[in-house]
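Visitor: Residue numbers for the sequence shown follow full-length UniProt numbering, so the first one is 1 and each next one is one higher. Have a look at the structure that comes next, please.
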Amino acid sequence: MTLLHVTAQHSHHCSISIHRNQPGLELGPEPELEPETSCVCLQCNCLKFFICGFTKRRQLSKKEIHQGLSTEPSFVSLKSDWCERCSSGFERQELSSAERNMIKEKQREPSAKTASAEEELARVRTTFVWRVSPEILIQLLEALVTESVFNDLEKESILEGNPIRADKARCFIDTVRKKGDKACKIMIRHLQTIDPSLFFQLHLYSDPSALQDALQNCQPKLKSKLKKKFQCVFEGIAKAGNPTLLNQIYTELYITEGGTAEVNDEHEVRQIETASRKPDRPETTIKQEDIFKDSPEKQELIRTVLTKGVAGIGKTVITQKFSLNWAEDKANQDIQFIFPFTFRELNVLKQKKLSLVELVHHFFTETKKAGICSFEDFQVMFIFDGLDECRPPLDFHNTESVTDVTVPTAVNVLLTNLIRGKLLPYAHIWITTRPAAADQIPPEYVHRVTEVRGFTDPQKEEYFKKRFKDEDQASRIISHIKTSRSLHIMCHIPVFSWITATVLEDVLKTREGGQLPKTLTEMYIHFLVVQAKVNKVKYDGGAETDPHWSPETRKMIESLGKLAFDQLQKGNLIFYESDLTECGIDIRAASVYSGVFTQIFKEERGLYQDKVFCFIHLSVQEFLAALHVHLTFIKSGLNLLEEQQIIFKSQITESAEKHFYQSAVNEALRSPNGHLDLLLRFLLGFSLQPNQTLLRGLLKQKGSSLQTNQDTALYIKEKISENLSAEKSINLFHCLNELSDHSLVEEIQQSLRSGSLSTDKLSPAQWSALVFILLSSEKDLNVFDLKKYSSSEEALLKLLPVVKASNTALLSSCNLSGRVCEDLLSVLSSQSSSLREMDLSTNSLKDSGVIKLSAAVDSRHSKLEILRLSVCNLPKKCCESLSSVLSSQSSSLKELDLSINHLQDSGLQLLSSGLQSLNCKLNTLRLSQCNFSERSCEALSLVISSQSSSLRELDLSNSDLQDSGVKYLFVGLESPNCKLEILSLSGCLITEEGCTSLASALSSNPSHLRELDLSYNHPGDSGMKLLSAGLKDPRWRLDTLRVEPAGVRWLTPGLRKYSCQLTIDTNTVHTNLKLSDNNRKVTRVKEVQSYPDHPDRFDVHPQLLCRNGLTGRCYWEVEWKGNVYISLSYRRIRRKGDSYECLLGRNEESLCLICFDDGPRYAWHNNRETSISSPSSSSSSSSSPVSNRVAVYVDCSTGTLSFYRVCETLIHLHTFNTTFTEPLYPGFNVDHGSSVCLC
């Protein structure tokens, strides 16, 4: 519905109103008026425009209005009461059918246009650029090509030369305008046909003068108002603090883009704990001025932005800075009006009914005075700050639909429809909220989610350096904060940094050389004392040495404490008069409190000057709530935290004290979201005598005894030993810190420093301490390696909170089975998970494990980008689950390693469907040694030639693809869609025939390929010449080509192509080892052999080494009998003595497989044992005879060492993944009555 409201003012204060409704543009039913209707109200001579519509096809000029009134007098109503309603309530009157018919006839008459088509397009350029969709833009381009306005080259230039949708639209409309008025008319005609809605919204046949007049009249006044409102900020509250220019103190906060608008109702200190852990890679950050700009990745309009962040993190400040920059003409000048609201102000209106027009006019009277109520005609932004404070919450499921800005309704209904897009669908909406309320808005209505993270570590230091001009003082404070985990975490919140600076400034001034506060309780007690001192000196005229607390200020703090506790129980952070009355505080008393303790409790004024109160930060409210609980207990024995409150009428005993603190611990642990975590820390902190001393004058009673504190600490340690969540355990460690008990943490830290930590002997409490220490360590959270602690499933389950917080988790070769994948599912699907990279290589996950793991990676919360699953005993069936992950829109996976698994051609066929999906984001795929044949290449060719493929790197080494297979692959390489840059075909049985196909592919298409590995193949002389010549061809982009080693020997299928001949080094053979069969067989005997003395000979352990120093790729086989170690080691392994430094597999210099009569059983490296599982039936034929022959394959360049049992096929046993820095020497350890023979 469109309402053109024209007011003529003179001595009678009268108005004219014209309502117009256009077909096809309604956002909802409008029963009052039928389409194409209008009415006019006239009372006097002078005309002033009130634009009150939404979707006008055209506006009437002043001349047309006069003509309309003179030629159609029946349109005019002279009822003064209607005029009054027009000016006050914007109510609409019903029209008779005759009036409607007359209006329709009038609207069919042609109207004159004065502006040229080129001028019309110039007028709508900004709006067109913002509103046109990519699909409509392409259709317009194609239509103009058909009309010969554009040629194909110009079309491609517009589409391909501009990565962002807005740039495409801007380039398009500018190019049309340059081609003249005729081209502009053609474009307008096609727009009307292709997108009538956009055509009418742009008012291409409107007279823009009325809009422009209103804009020029109102916008400067609104900007002036916003500048005055936001250019100054105050420390404390406005009526007591000194103003500071926002532009002078504003520091760019750390704002990240991405994530979801889902609820996170954990205590915000827990969320700050998570945020304080540095990401491995920089997250997508965004500046506040760019918050509504299109991103190249997402070709969509950004209408609604939800910005979340914990209390005090700076959400309000960034909205103020955004508004101030706009008002000062510094940014976002495409926006014509910004209307900032706070939910605190809107809450006062919850009993009133207003239209959207009235709501804006009440808050921003400039718009009413200028007569603007047609916000659809302008680019408008609404800012709603503090969704978490909205009372009542918004309801998107049961709220009525409202599409008319003039219809009065409840404010929450207005906001719901505005966010839905039912009202003003093209307005920008910016909403800020604490995480606990983020889910109030359904995700389909949110186009971008951002999060304010507060201060990064460098920004913290910058803040304190600015705050303290003395460099030594600033350095001391920064160093001190880093020593306390609690303080360091809380300083991510700008408000807490300010509290810390306030306290430390006072402490350094009054206690030169004294100890600085280390705990949260100490910090907040000092802060409270500083405020009392300021009040005493500044307002009461006292001296700094005078007692800080008077009876009046004591009463104030007690009243504020009760308010803090009662409202905390209800979850309220802001308080209205009714809340204060419930707590027994008079509204006038509250104003006095806010005037005295200006930096603790503050008063704000909303609409109609209604008073709103709050504490400066949630943590201050929790501190005072804990103080109230503490004071109540020591005064009356009443325990406010227990459901059944017990009053100790006699003197409080030590037993009662102990019960009081233990019950507080229990209550905090019962809270599912940790809402009592911080209150518990403060409450325990109050029990210490030094903190009681700091509060002397406020607390008269004696603090808890040392025994009570020790008993409480012991009780907390017992609770830590229970099966608690990581978050609850971490808070209990912070509680121990408040009680000055660091024994449990120091014990584990000492073991870690000395390298003597044995996880086999850790108690549950010690495991929790280890988790706490690791979560506090930025180094361990960057890359977490499970093998440093224990290669076991049990250890992984204990340390899962560390895995969740880490950026990279190295879990390879840790004896893990598919069972752990269910636990990893909970980690990856957690909203707070930081995991970007996970290595699960060389674990027997099997198909069942990969199915669970796939569900985890597919979770919408999963941020995993790199997944390594090489040597995980995966059959071809698992490829179906992985394919589903790759084709999922929620998957973030960019790199996948499936090397050395028995996937076969059928497995790759399943995987290829996911690789061709439009949603697949995979850049790197490693499929080395997966039992592929030439048949796999056809599927891969389709993948790399797919338009949707994002593959940049593909590893197919050690696959028997042959020339026939790679020919298919090179067909894909010829495709213009192929984006492959790195291709490894090492050891793939390629001859000069395959090289010819490759050269042809690279020459016929300017491929992206930069790096190609053809080593361990047989290109022949002709193939080498072709490749060498191609490197000089300017059409080739190849930078790196590897072809050596090359030769006919590499055409043997499988790993046997890398066979090498071993020779035993007789100077290393132990004297109880007997050589036979031309020195190819070794047997352990009792008789000492007569070998000459030699420094290289093993003198205790029955071992030997071969002469061959292996590099590159090598393969050999041995047969064994009895108990034998089959090993590779560096030459420098020790030979003398019986220590582990000499024993194969028990040190860093060697790796080995231990075989018994019944088969291979263990793999050892650096004294870490890995059990060998029996080979899966999928890896070999059930009829294959079991042999006592083992094959060894090593690729020194990749750090891979694999053991196989030799049957009709090779059955994989174990693979080591490491880094080799020296040549490797095969070796053996032979037990009594055992033997080993080189094959």
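Note that CB positions come from ideal geometry on N, CA and C, so glycine has one too. The model shown is predicted, which means the values in this text are computed figures rather than measured ones.
Between Leu762 and Arg753, what straight-line distance do the alpha-carbon atoms span, to the nearest angstrom?
Guide: Approximately 16 Å, taken between the alpha carbons.
Visitor: Is the region 1010-1022 close to the region 1042-1050, with three or more CB pairs under 8 Å?
Guide: Output reads yes: the region 1042-1050 touches the region 1010-1022.
Visitor: Taking DSSP's pairing of strands, which residues face Ala1046 in a bridge?
Guide: Ala1046 pairs with Asn1017.
Visitor: Quick one: what's Trp430 bridged to in DSSP?
Guide: Partner(s): Val305 and Ile383.
Visitor: When DSSP labels each residue in this structure, what does Val310 get in the three-state scheme?
Guide: It is coil, neither helix nor strand.
Visitor: Run the proximity test for Thr712: is its beta-carbon closer than 6 Å to any non-hydrogen atom belonging to the ligand HEM?
Guide: Absence of the ligand HEM is noted for the structure shown, with no ligands found whatsoever.
Visitor: Would you report the Cα separation of Pro1095 and Leu969, rounded to the nearest angstrom?
Guide: Those two C-alpha atoms are separated by around 54 Å.
Visitor: Would you call the CB atoms of Val503 and Phe527 closer than 7 Å?
Guide: Yes, Cβ-Cβ distance for Val503 and Phe527 is below 7 Å.
Visitor: Would you tell me roughly how many angstroms separate the C-alpha atoms of Ala331 and Glu160, rounded to the nearest one?
Guide: Going by the C-alpha atoms only, they are around 28 Å apart.
Visitor: Going by beta carbon distance, what residues of the same chain come within less than 6 Å of Ala143, once the five residues before and after it are set aside?
Guide: Result list for Ala143: His190, in chain order.
Visitor: If you run the structure through DSSP and keep just helix, strand and coil, what is Lys1121?
Guide: It is a strand residue.
Visitor: Report, in whole angstroms, the separation of the C-beta atoms of His1101 and Asn958, which I expect to be a contact under 8 Å.
Guide: With 8 Å as the limit, His1101 and Asn958 do not qualify as a contact, their Cβ atoms being about 34 Å apart.
Visitor: Quick one: Cα of Val629 to Cα of Tyr524, how far?
Guide: Looking at the two C-alpha atoms, the distance is approximately 16 Å.
Visitor: Within 10 angstroms of the Cβ of residue 1240, are there 16 or more other Cβ atoms? Answer buried if so, exposed if not.
Guide: This structure cannot speak to residue 1240, because the chain is shown only from 1 to 1239.
Visitor: Might you give, ordered along the chain, the residues of its own chain that have their beta carbon closer than 6 Å to the beta carbon of Asn1079, omitting 5 neighbours on each side?
Guide: Cβ within range, chain order: Ile1064.
Visitor: Short of 8 Å in beta carbon distance, which residues of its chain neighbour Cys1237, apart from the five on each side in sequence? Order them along the chain.
Guide: Excluding positions up to five away in sequence, the list reads Asp1077, Arg1080, Lys1081, Val1082, Val1118, Glu1119 and Trp1120.
Visitor: Could you work out which residue in Pro442, Val820 and Thr521 is closest to Phe682 when comparing CA atoms only?
Guide: Among Pro442, Val820 and Thr521, the Cα nearest to that of Phe682 is on Thr521.
Visitor: With a threshold of 16 other CB atoms inside 10 Å of the CB of Ala183, please say whether the residue is buried or exposed.
Guide: Buried.
Visitor: Specify, as a first and last residue, the run of the alpha helix (DSSP H) that Ser813 falls within.
Guide: That residue, Ser813, is in no alpha helix (DSSP H); it is neither H nor E in DSSP.
Visitor: For Ser950, does the count of other Cβ atoms within 10 angstroms reach 16, so buried, or fall short, so exposed?
Guide: Exposed: under 16 other Cβ atoms inside 10 Å.
Visitor: Less than 7 Å between C-beta atoms, sequence neighbours within five positions excluded: which residues of the same chain meet that for residue 1247?
Guide: Only positions 1 to 1239 of the chain appear in this structure, which leaves residue 1247 out of reach.
Visitor: To the nearest angstrom, how far is it from the Cα of Leu678 to the Cα of Asn347?
Guide: Rounded to the nearest angstrom, the two C-alpha atoms are 28 Å apart.
Visitor: With DSSP collapsed to three states, give me the class of Gly849.
Guide: The answer is helix: DSSP assigns Gly849 an H, G or I state.
Visitor: In whole angstroms, what separates the C-alpha of Pro392 from that of Thr432?
Guide: Approximately 16 Å, taken between the alpha carbons.
Visitor: Taking just the CA atoms, how far does Asp785 sit from His617?
Guide: The straight-line gap from Cα to Cα measures roughly 38 Å.
Visitor: Alpha helix (DSSP H) containing Lys658: first to last residue?
Guide: Per DSSP, Lys658 belongs to the alpha helix (DSSP H) from Glu654 to Arg670.
Visitor: CA-CA distance, Ser77 and Val407?
Guide: Confidence at Ser77 is low in this model, with a pLDDT of 31, below 50, so the placement of that residue should be treated as unreliable; the coordinate-derived value is given next. The straight-line gap from Cα to Cα measures roughly 22 Å.
Visitor: Which residue's Cα is closest to the Cα of Leu797: Ser829, Val857 and Asn723?
Guide: Leu797 has its Cα closest to that of Asn723, out of Ser829, Val857 and Asn723.
Visitor: Measure the C-alpha to C-alpha separation of Glu1222 and Asp1195 and round it to an integer number of angstroms.
Guide: Approximately 12 Å between the Cα atoms of the pair.
Visitor: Enumerate in chain order the residues of its own chain whose CB-to-CB distance from Glu880 is below 8 Å, with the five nearest sequence positions on each side excluded.
Guide: These residues qualify, in order along the chain: Leu910.
Visitor: State the DSSP-derived secondary structure class of Ile493, mapped to helix, strand or coil.
Guide: Reduced to three states, the DSSP call for Ile493 is coil.
Visitor: Just how far apart, CA to CA, sit Ala311 and Tyr1204?
Guide: Those two C-alpha atoms are separated by around 59 Å.
Visitor: Taking the alpha-carbon of Ile551 as reference, which of Ile866, Glu1148 and Gly697 has the nearest alpha-carbon?
Guide: In the sequence on display, residue 551 carries Pro and not Ile. Pro551 has its Cα closest to that of Gly697, out of Ile866, Glu1148 and Gly697.
Visitor: Going by the DSSP bridge assignment, what does His1212 pair with across the sheet?
Guide: DSSP, once it has assigned bridges, lists Tyr1204 as partnering His1212.
Visitor: Helix, strand or coil: which one does DSSP assign to Val413?
Guide: Val413 falls in the helix class under three-state DSSP.
Visitor: Quick check on Asp1231: does DSSP put it in helix, strand or coil?
Guide: If DSSP states are grouped into helix, strand and coil, Asp1231 belongs with coil.
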